[in-house]
Amino acid sequence: SQQGEEDPQALSIQEGENATMNCSYKTSINNLQWYRQNSGRGLVHLILIRSNEREKHSGRLRVTLDTSKKSSSLLITASRAADTASYFCATDSGAGSYQLTFGKGTKLSVIP
Amino acid sequence: EAQVTQNPRYLITVTGKKLTVTCSQNMNHEYMSWYRQDPGLGLRQIYYSMNVEVTDKGDVPEGYKVSRKEKRNFPLILESPSPNQTSLYFCASRVLGGNNEQFFGPGTRLTVL
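See below:
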């Protein structure tokens, strides 16, 4: 099955800096979603971008999608210590199973 | 409050002792799913259900069973747990169709000795 792959696996930045995470996937998608997971806890939905959209914003989050390159990026601006978490992209193929396929995640550490 | 609940949150058991992890959602979602999360492997889907009495295998269904007798509940059953099922388990639900986010439960950390 298709799978999103995040890059980098881990990222450490200073508070106030921007954090960029990338996701690549293999087959066509209906939408791509980003989730955050605080250590050992449930995933929380951050933002969804449809296949016909190129960029989307939500607060300090900016997501881009390039379907020709099968890639997406998540930018967190002016990071805060509370942004420390793992971030996952998930692809929704729109096929009959409604399955979301998750990547392995990027572990972000924001140092105060 | 809209939520997905799981019980228990933590469980230590022994090989072969049947167990059930419950999952319940209060959002009237048609779609429910179970995932396991392991270091270096990310989230992998175990089973999913698109409605009452409709269940199907995900990517890693071996050793697990599920049932969907009511819309709100989707229990995960391990008939004979083994140590390789030690993992962090998540239940999730979503509205079917369209472009919809998935809501996750808080997780169940299972250790099989």
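In the order they appear, the protein sequences are chains G and Z.
For the first sequence, the residue numbers in the numbering used here are 1 to 112.
For the second sequence, the residue numbers in the numbering used here are 1001 to 1113.
Glycine residues also receive a C-beta, built at the ideal position from the N, C-alpha and C atoms.
Asked                                                                                                               : Found
Close-in-space but distant-in-sequence residues of the same chain around N1007/Z (CB under 8 Å, 5 per side omitted) : V1021, T1022 and T1108
Chain G contacts from the stretch 1032-1063 of chain Z (Cβ-Cβ distance under 9 Å)                                   : S1033, Y1035, Q1037, G1040, L1041, G1042, L1043, R1044, Q1045, Y1048, M1050, D1056, G1058 and D1059
At least 3 beta-carbon pairs within less than 8 Å: the stretch 52-72 of chain G vs the stretch 1009-1017 of chain Z : no
Backbone CA spacing between S1080/Z and T84/G [nearest angstrom]                                                    : 37 Å
Proximity test, Cβ basis, 7 Å: E1070/Z and chain G                                                                  : no
Closer than 7 Å to chain Z by CB, G16/G                                                                             : no
Three or more C-beta pairs below 8 Å linking the stretch 4-24 of chain G and the stretch 1088-1096 of chain Z       : no
Nearest-angstrom Cα separation, counted from W34/G out to P1061/Z                                                   : 25 Å
Sub-7 Å separation of E1070/Z and N1051/Z beta-carbons                                                              : no
DSSP beta-bridge partners of E5/G                                                                                   : S24/G
For L1043/Z, the residue or residues it bridges with in DSSP                                                        : Q1037/Z
Given N31/G as reference, the closest of G105/G, R80/G, Q99/G and P112/G once Cα atoms are compared                 : Q99/G
Cutoff 7 Å: E1030/Z Cβ touching any chain G Cβ                                                                      : no
Inter-residue CB distance, S12/G and I111/G (contact presumed, cutoff 8 Å)                                          : 7 Å
Test item: CB-CB of E6/G and T101/G under 7 Å                                                                       : no
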